[in-house]
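Undergrad: Line by line, the protein sequences are chains A and B.
Under our numbering, the first residue of the first sequence is numbered 82, with each subsequent residue one higher.
Under our numbering, the first residue of the second sequence is numbered 82, with each subsequent residue one higher.
Glycine included, every Cβ here is placed at the ideal spot set by N, Cα and C.
Treat the numbers as computed from the prediction; the structure is a model and nothing was measured.
2 protein chains.
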Amino acid sequence: MGTYSEEAALLYDKTADRLYPTITGVGEAVAAGEINEGVVPIENSLEGPVTFTLDLLIAQPTLFIRGEIDLPIEHYLLAKSGTVPAEIKVIYSHPQALGQCRQYLEKNYPQAEQMASLSTVLCVTDSFESKVPAAAISPRRASELYDVDILDRGIQDVANNVTRFAVIGLSDHAPTGDDKTSMAFTLEKDSPGLLHRVLGEFADRDINLLKIESRPTKQLLGEYIFVLDCVGHREESPMKEALASLSDPISMLRILGSYPRWKAPI
Amino acid sequence: MGTYSEEAALLYDKTADRLYPTITGVGEAVAAGEINEGVVPIENSLEGPVTFTLDLLIAQPTLFIRGEIDLPIEHYLLAKSGTVPAEIKVIYSHPQALGQCRQYLEKNYPQAEQMASLSTVLCVTDSFESKVPAAAISPRRASELYDVDILDRGIQDVANNVTRFAVIGLSDHAPTGDDKTSMAFTLEKDSPGLLHRVLGEFADRDINLLKIESRPTKQLLGEYIFVLDCVGHREESPMKEALASLSDPISMLRILGSYPRWKAPI
């Protein structure tokens with residue numbers, strides 16, 4: 082309870098009520114049909130892609146992206162009630178949250194060791210179990226669930242900190258008129274211009290490329306799986322034609338899903 | 082002592098003798114002129130880019146890449162002399178090393194909690210200080226420096242595990258005839274086909290694209306800095322002409338350096 086993933090899930094669906102401790106756990110619950118939709122972090126405006134989620138989606142052909150949620154992130158510094166800030170020796174959080182507060186921690190807690198926890202909520206109990214004075218970096222919600230003092234808030238280095246979550250399921254989403262498509266592919270061989278040719282199939286059709294990532298194939302250093310987000314739905318023109326044209330230079334293509342672009346609730 | 086970075090540095094230069102605890106520390110020592118060359122990890126064949134290093138190079142305009150080293154990685158499982166493997170409750174390592182041994186740990190040590198350490202050597206002392214039976218994932222070299230038992234070796238999930246290190250300095254390298262060039266750039270605005278046009282300047286000149294990464298600008302979710310590795314030296318044709326042609330769609334271009342491609346010692 083109390084993670085950013087839970088906040089994102091509730092923003093997407095007020096009735097969301099199942100919680101899983103890890104990204105793998107959410108993926109397995111969706112794949113097994115225990116839940117129809119799951120919410121996992123996929124990208125952060127400061128740290129970049131959540132590579133663990135990308136690798137999971139690439140490796141699991143039964144999982145599709147069927148929605149997205151953009152959640153503004155505000156990190157709180159929490160500590161067991163009565164903790165003296167100047168005495169803090171250890172600060173626990175998920176490595177991505179520690180990374181997002183790097184400058185703040187170097188400036189305000191240079192003496193504190195940074196320790197990794199498995200989530201931005203488990204770090205609260207990790208800090209409780211510490212033998213030396215400790216703090217945790219967590220969402221606001223965690224401060225309501227535990228007996229903690231709020232030592233500081235908004236401690237992320239860059240004010241504009243947004244995490245994008247993917248809604249995953251066993252199928253993607255029907256066209257809505259304002260959609261995007263995520264896909265992963267490998268190129269047949271490493272020769273000049275192949276990626277340029279693939280991107281040309283989109284550019285020539287005025288399809289806007291929103292994102293390009295490369296993930297290692299895990300076979301050879303320098304071999305990549307490309308992950309692309311483009312505007313449009315895979316069942317509609319011109320995306321449909323662009324995807325159909327890709328067979329030639331591409332050795333593997335997996336459509337991760339077409340889904341509506343996120344609109345913040347008013 | 083005993084990190085993979087140290088092994089890489091010694092492979093590059095047998096007289097390498099200064100050790101820094103963090104990537105930031107190496108960057109600062111090079112920028113301050115304390116050392117002429119520093120060695121930092123930049124990419125792994127399983128986990129992908131070392132984003133911290135990419136972000137450091139993008140942000141530090143005085144630092145250049147002047148060489149690269151590919152080091153095969155073999156992870157050892159070490160524990161304080163006399164530790165009983167079945168009793169191990171905690172396994173410490175750098176998060177990237179833990180990620181590279183994910184399946185091995187799930188299969189062989191499902192009961193053990195994974196804890197992050199700041200390096201693949203500090204995890205050995207972290208495991209020594211643990212109140213419960215603990216182990217550490219480290220390079221072979223660490224087993225010679227500490228009083229440990231080798232519980233297992235080659236525990237990485239994929240046999241072909243190679244880390245690429247960058248040699249950084251205050252200038253890049255003169256042409257050698259077999260070079261590559263790393264660069265980072267942002268595009269002027271988010272419109273269809275801009276990245277395709279940039280890649281076209283290389284493809285049209287038969288310049289092989291070795292790698293493309295995107296890093297967040299840290300300003301707006303969905304805005305990226307692209308990092309490209311291409312074959313060729315920035316002072317030589319056709320790379321020289323390709324770089325000169327990029328001014329139009331690009332709003333920021335930083336040449337991270339031209340340098341000889343790695344050749345393993347015979």
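State the CB to CB distance for the pair G119 of chain B and V131 of chain B, rounded to an integer number of angstroms; the pair is presumed to be in contact (CB under 8 angstroms).
TA: What you label residue 119 of chain B is simply residue 38 of the second sequence in a count that begins at 1. What you label residue 131 of chain B is simply residue 50 of the second sequence in a count that begins at 1. With a Cβ gap of about 14 angstroms, G119 of chain B and V131 of chain B do not count as contacting.
Undergrad: By the 10 Å Cβ neighbour count, where 16 or more other Cβ atoms means buried, how is M333 of chain B classified, buried or exposed?
TA: Reading the second sequence from its first residue, position 252 is the one you call residue 333 of chain B. With fewer than 16 other Cβ atoms within 10 Å, it is exposed.
Undergrad: With S174 of chain B and I231 of chain B assumed to form a contact (beta carbons below 8 angstroms), what rounded beta-carbon distance in angstroms separates them?
TA: Translated into positions along the second sequence, residue 174 of chain B becomes position 93. Translated into positions along the second sequence, residue 231 of chain B becomes position 150. With 8 angstroms as the limit, S174 of chain B and I231 of chain B do not qualify as a contact, their Cβ atoms being about 15 angstroms apart.
Undergrad: Chain A partners of M196 of chain B, CB-CB under 8 angstroms?
TA: The count along the second sequence starts at 1 and reaches residue 196 of chain B at position 115. By Cβ distance, chain A contributes M196, A197.
Undergrad: Alpha carbon to alpha carbon, how far is M320 of chain A from F283 of chain A? Give it in angstroms, no decimals.
TA: Residue 283 of chain A sits at position 202 when you count from the first residue of the first sequence. Residue 320 of chain A sits at position 239 when you count from the first residue of the first sequence. Taking the straight line from one Cα to the other gives about 8 angstroms.
Undergrad: Per DSSP, what are the beta-bridge partners of K292 of chain B in this structure?
TA: Position 211 of the second sequence, counted from the start, is the residue given in the question as residue 292 of chain B. According to DSSP, K292 of chain B bridges with B:D310.
Undergrad: Starting from K188 of chain B, follow the alpha helix (DSSP H) in both directions and report where the run begins and ends.
TA: Here residue 188 of chain B refers to the residue found at position 107 of the second sequence. Here the alpha helix (DSSP H) through K188 of chain B covers 183-189.
Undergrad: Report the option in A:E128, A:P122, A:L127, A:P153 whose CA atom is closest to the CA atom of L138 of chain A.
TA: Within the first sequence, residue 138 of chain A is the residue found at index 57, counting from 1. Minimum Cα distance to L138 of chain A is reached at A:P122.
Undergrad: Let me know the secondary structure DSSP gives S328 of chain A once reduced to three states.
TA: As a position in the first sequence, residue 328 of chain A is number 247, starting the count at 1. In this structure, S328 of chain A counts as helix in the three-state DSSP scheme.
Undergrad: Classify G313 of chain A: buried if its beta carbon has 16 or more other beta carbons within 10 angstroms, exposed otherwise.
TA: Here residue 313 of chain A is taken as the residue at index 232 of the first sequence, counted from 1. Classification of G313 of chain A: buried, given that the 10 Å Cβ count is 16 or more.
Undergrad: Using a C-beta to C-beta distance shorter than 7 angstroms, which residues of chain A count as neighbours of A284 of chain B?
TA: Stepping through the second sequence from its first residue, residue 284 of chain B is reached at position 203. Ordered by position in chain A, the residues that pass the 7 angstroms Cβ test against A284 of chain B are P273, G274, H277.
Undergrad: Give the secondary structure of L199 of chain B by DSSP, where H, G and I count as helix, E and B as strand, and everything else as coil.
TA: Numbered from its first residue, the second sequence carries residue 199 of chain B at position 118. Coil.
Undergrad: Would you report the Cα separation of R296 of chain B and L309 of chain B, rounded to the nearest angstrom?
TA: By 1-based counting over the second sequence, the position of residue 296 of chain B is 215. By 1-based counting over the second sequence, the position of residue 309 of chain B is 228. Spanning the two alpha carbons is a distance of roughly 11 angstroms.
Undergrad: Using a threshold of 9 angstroms, state whether the C-beta atoms of A265 of chain A and L337 of chain A are closer than that.
TA: Walking along the first sequence from the start, residue 265 of chain A turns up at place 184. Walking along the first sequence from the start, residue 337 of chain A turns up at place 256. Yes, the pair counts as a contact, with Cβ atoms nearer than the cut-off.
Undergrad: Could you tell me the alpha carbon to alpha carbon distance between D238 of chain A and E187 of chain A, rounded to whole angstroms?
TA: Within the first sequence, numbered from 1, the residue matching residue 238 of chain A stands at position 157. Within the first sequence, numbered from 1, the residue matching residue 187 of chain A stands at position 106. Rounded to whole angstroms, D238 of chain A to E187 of chain A spans 11 angstroms at the Cα level.
Undergrad: Just how far apart, CA to CA, sit G129 of chain A and G163 of chain B?
TA: As a position in the first sequence, residue 129 of chain A is number 48, starting the count at 1. As a position in the second sequence, residue 163 of chain B is number 82, starting the count at 1. When rounded, the distance between both Cα atoms is 42 angstroms.
Undergrad: Kindly list, in the order they appear in chain B, the residues whose Cβ is closer than 9 angstroms to that of V239 of chain A.
TA: By one-based count along the first sequence, residue 239 of chain A stands at place 158. Ordered by position in chain B, the residues that pass the 9 angstroms Cβ test against V239 of chain A are K299, Q300.
Undergrad: Taking Q184 of chain B as the reference, which of B:R335, B:L144, B:L127 has the closest Cα?
TA: As a position in the second sequence, residue 184 of chain B is number 103, starting the count at 1. Comparing Cα positions, the closest option is B:L127.
Undergrad: Any beta carbon of chain B sitting closer than 9 angstroms to that of N125 of chain A?
TA: Within the first sequence, numbered from 1, the residue matching residue 125 of chain A stands at position 44. Yes, its Cβ sits closer than 9 angstroms to a Cβ of chain B.
Undergrad: How would you write the range of the beta strand (DSSP E) that A247 of chain B sits in, first residue to last?
TA: Stepping through the second sequence from its first residue, residue 247 of chain B is reached at position 166. Segment 243-250, the beta strand (DSSP E) holding A247 of chain B.
Undergrad: Tell me the DSSP secondary structure of G106 of chain A in three-state form.
TA: Taking the first residue of the first sequence as position 1, residue 106 of chain A is located at position 25. Three-state result, G106 of chain A: helix.
Undergrad: With 7 angstroms as the limit, tell me which residues of the region 169-188 of chain B have their beta carbon closer than that to any beta carbon of chain A; keep them in chain order.
TA: Listed in sequence order: P176.
Undergrad: If the cut is a Cβ gap below 7 angstroms, which residues of chain B does G281 of chain A touch?
TA: Reading the first sequence from its first residue, position 200 is the one you call residue 281 of chain A. Correct list: H277.
Undergrad: Report the option in A:S86, A:Y190, A:E194 whose CA atom is closest to the CA atom of E149 of chain A.
TA: Residue 149 of chain A sits at position 68 when you count from the first residue of the first sequence. Among A:S86, A:Y190, A:E194, the Cα nearest to that of E149 of chain A is on A:S86.
Undergrad: From which residue to which residue does the beta strand (DSSP E) around V148 of chain A run?
TA: What you label residue 148 of chain A is simply residue 67 of the first sequence in a count that begins at 1. Per the sequence shown, residue 148 of chain A should be read as Gly rather than Val. Looking at the DSSP string, the run of the beta strand (DSSP E) that includes G148 of chain A is 145-153.
Undergrad: For L159 of chain A and A216 of chain A, I'd like the C-alpha separation in whole angstroms.
TA: Taking the first sequence and counting its residues from 1, one reaches residue 159 of chain A at position 78. Taking the first sequence and counting its residues from 1, one reaches residue 216 of chain A at position 135. Taking the straight line from one Cα to the other gives about 6 angstroms.
Undergrad: Could you give the distance in angstroms between the alpha-carbon of S252 of chain B and the alpha-carbon of S200 of chain B?
TA: As a first step, residue 252 of chain B is located in the second sequence; it is residue number 171 there, counting from the start. As a first step, residue 200 of chain B is located in the second sequence; it is residue number 119 there, counting from the start. For S252 of chain B and S200 of chain B, the distance between alpha carbons rounds to 28 angstroms.
Undergrad: Alpha carbon to alpha carbon, how far is A223 of chain A from P102 of chain A?
TA: The count along the first sequence starts at 1 and reaches residue 223 of chain A at position 142. The count along the first sequence starts at 1 and reaches residue 102 of chain A at position 21. Taking the straight line joining both Cα atoms gives about 15 angstroms.
Undergrad: Can you tell me whether E136 of chain B is buried or exposed? The criterion is at least 16 other CB atoms within 10 Å of its CB, across all chains shown.
TA: For this step, residue 136 of chain B is matched to residue 55 along the second sequence. It is Asp, not Glu, that sits at residue 136 of chain B in the sequence shown. D136 of chain B should be labelled buried.
Undergrad: Do L327 of chain B and R315 of chain B have their beta-carbon atoms positioned less than 9 angstroms apart in this structure?
TA: Position 234 of the second sequence, counting from 1, holds the residue named residue 315 of chain B. Position 246 of the second sequence, counting from 1, holds the residue named residue 327 of chain B. Taking 9 angstroms as the Cβ cut-off, R315 of chain B and L327 of chain B do not qualify as a contacting pair.
Undergrad: When the cut-off is 9 angstroms and only beta carbons count, does V243 of chain A lie next to chain B?
TA: By one-based count along the first sequence, residue 243 of chain A stands at place 162. Yes, V243 of chain A lies at the interface with chain B (some Cβ there is under 9 angstroms from its Cβ).
Undergrad: Closest to Y340 of chain B by CA distance: which of B:E317, B:E322, B:K95 is it?
TA: Sequence index remark: in the second sequence, residue 340 of chain B carries index 259 (1-based). Looking at the Cα atoms, B:E317 is the closest of the given residues.
Undergrad: Nearest CA to the CA of L268 of chain A: which residue from A:Y93, A:Y227, A:I331?
TA: Numbered from 1 along the first sequence, position 187 holds the residue referred to as residue 268 of chain A. Of A:Y93, A:Y227, A:I331, the residue nearest in Cα terms is A:I331.
Undergrad: Is there a Cβ of chain B sitting closer than 9 angstroms to that of D151 of chain A, yes or no?
TA: If you number the first sequence from 1, residue 151 of chain A lands on position 70. Chain B, which has a Cβ nearer than 9 angstroms to the Cβ of D151 of chain A, makes this yes.
Undergrad: Establish whether the CB of I218 of chain A and some CB of chain B are separated by less than 9 angstroms.
TA: Within the first sequence, the letter at position 137 stands for residue 218 of chain A. So no, I218 of chain A is outside the interface.
Undergrad: Return the Cβ separation of T257 of chain B and N125 of chain B in integer angstroms, given the expectation that the two are a contact with Cβ distance under 8 angstroms.
TA: Position 176 of the second sequence, counted from the start, is the residue given in the question as residue 257 of chain B. Position 44 of the second sequence, counted from the start, is the residue given in the question as residue 125 of chain B. Contact flag wrong, Cβ pair sits at about 25 angstroms.
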